[in-house]
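Beneath this line is the structure, given in structure tokens, with notes to follow.
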Amino acid sequence: MKIPKSLLVDPEKNSVYGAFAVAVSIWAFSYSVIFGQVLILAYYAVWLPLILVDYRRFLRQLSGAWLPLLFAAYICFSIFWSQAPGVTARTAVQYLSHIACAYVAARTVSVRTLTLGALVGIFFVMLYSLKVGAYSEDVLDGTYNFVGAFASKNQIGFVGSLGIYFSVVFLAFLRRGRLSFILTVPVVLLSAYLLVISHSATSMASIPAVLALIALLAMTKLLSRRYRRVIFVVGAGLIVVVAFVALNLGLMDFVLGLFGKDSTLTGRTYLWEQGWNAAQRSPILGVGYAAYWVQGFAEAERLWNEFYITTRTGFHFHNTYVEALVELGFTGAVMISLIMLRTLYGHVSTVIFKAWQAESVVLFGVMVLLLIRSFVEVEVLNPYIMGSFLMYFSYFKLARLPVTRTRWSPAFEPADAARGEPAWHRHVGRPAAADPS
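Okay, so the sequence shown: first residue is 1 according to UniProt numbering, each after it adds one.
This is the structure in structure tokens:
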């Protein structure tokens, strides 16, 4: 029995396999710490073998992936100046393979299939956390929060916010038929419920802002490109002005108060200060990828103790750029910033300056969500997590690959037979002609 390649690697035909692969990936990102390496192997198994199915697909326009590949190479080379070379080597290889999986996914899975798989995976992830039903007390702010099967309220909050986001964009842009409403209602309700009981201020504050932005981009579909550009420029200017006013008139503290936070963001500002001080010791190259939070190192042990992290693992500076400065120096911080900005601009420019595309709107919303969270979380610098997978998937989707199909014809056609030329000389390897019907 032979399985057609298109059912595995063609974005227009592999919705079943693609959604399954995305769902498996999300389960692995969420619970590999609990179930062990078998989930990581399953994650690799659903993506990497696709390279062998149609390797040419992954070699086309490979130059468009130069920035993530350069960043991955820099991470791997950091082993030569790392203060924990063994940890750096292992984690760098994991991150590189993680990028490779996201690359394969972007070349084989459509945005609609990604959304379907994400909804399925997130639903089962939330069901399992609800079954576990664990709560945890935050010793810094004294709150009692739902964490489910995760180690942090912010992790379950991120899953909940993604569940709401993908449900909304699926219904707004990607649904086919009324059955979509019935299938997404349980995901929305469960996501909202877990988001509320987790008390994750970051997730509750970011998801309304992202959905409002997506609504504005959806309305621009009714406008011509000229008016889209004007609205984009005016809107970007208003955002800058509002941010400036909020920071200078104390509105930021008011907003934080609505979510039960103070100006220190539950100790995050102290962490950022400690990270900045650590970055000054090696400002250009950093201490090495994943080489700061290592058991036995004095600074890591001190911060674990100050923040009551008894497991002495799974902690970070709660800021992507501070974390990058410490581990990879200004060089690495600039690279990861460029990847995020290139992805953001690439998708929004498609919507504003080119033909309006729902896929770019969806991925732009994902990137805005990750950008907002990047200032208080670290979700794009580590392997085997949803944030980094979605960022690199969105980046690699910027490359629009031509869809070509080989059209087979009889060995000889009458016009060619007169001059003895086989018909396949003219047809094989060329794009198929459009069907007039």
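C-beta atoms are modelled at their ideal positions from N, C-alpha and C, and glycine is treated no differently.
Given the structure is predicted, the values throughout are model-derived calculations rather than measurements.
Smallest Cα separation from residue i: which of the options?
i	options	result
N382	Y144, F375, V287 and E323	E323
G117	Y395, G18, L7 and V378	G18
I207	S191, K221 and Q274	S191
A149	G86, R60, Y31 and L222	Y31
H98	A172, L162, F393 and L398	F393
L48	V242, G296, V233 and A100	A100
Y44	S78, V104 and W81	V104
H199	R176, F146, V230 and V168	F146
A73	A92, I284 and R225	A92
In the DSSP assignment, the beta strand (DSSP E) including residue i goes from what residue to what residue?
i	result
F146	Y144 to F146
E377	Per DSSP, E377 belongs to no beta strand (DSSP E) and is neither H nor E.
Report back the beta-carbon spacing between residue i and residue j to the nearest angstrom; my notes put them in contact at under 8 Å.
i	j	result
F170	S180	7 Å
A23	G121	4 Å
A65	F389	Actually they are not in contact, since the Cβ atoms of A65 and F389 sit about 15 Å apart, beyond 8 Å.
T115	V362	7 Å
M126	V159	6 Å
V326	Y292	5 Å
V368	V210	5 Å
I339	P68	6 Å
V376	T202	5 Å
V287	Q83	5 Å
M386	F29	5 Å
Where does residue i land, buried or exposed, given buried means 16+ other C-beta within 10 angstroms?
i	result
M219	exposed
A298	exposed
Y135	exposed
A415	For A415, the pLDDT reaches just 45, beneath the cut-off of 50, and the residue's location in the model is therefore unreliable, leaving the point undetermined.
Y144	exposed
Q280	exposed
R405	In this prediction, R405 scores a pLDDT of 48, lower than 50, which makes its location untrustworthy; the coordinate-derived value is nonetheless stated afterwards. When all chains shown are included, R405 counts as exposed.
K153	buried
R107	buried
Q37	exposed
T311	exposed
T313	exposed
I156	buried
R228	buried
A278	buried
Y289	buried
P4	exposed
G397	Rather than Gly, the amino acid found at residue 397 in this sequence is Lys. The residue is buried, with at least 16 neighbouring Cβ atoms inside 10 Å.
G296	exposed
N305	exposed
E273	exposed
Y55	exposed
Kindly identify the DSSP beta-bridge partner or partners of residue i.
i	result
S394	DSSP, once it has assigned bridges, lists no residue as partnering S394.
Y345	Bridge partners of Y345: none, in fact.
Y135	F146
Need the endpoints of the alpha helix (DSSP H) that residue i sits in, please.
i	result
Y308	Note, Y308: premise wrong, no alpha helix (DSSP H); not H, not E.
Y289	First-last for Y289: undefined, no H or E at that position.
F35	S15 to F35
W356	It is not in any alpha helix (DSSP H) - W356 carries neither H nor E in the DSSP assignment.
A215	A201 to M219
K153	K153 to V169
L70	W66 to F77
residue 450	Here the chain comprises residues numbered 1 to 437, so residue 450 is not present and cannot be evaluated.
F58	Y55 to L59
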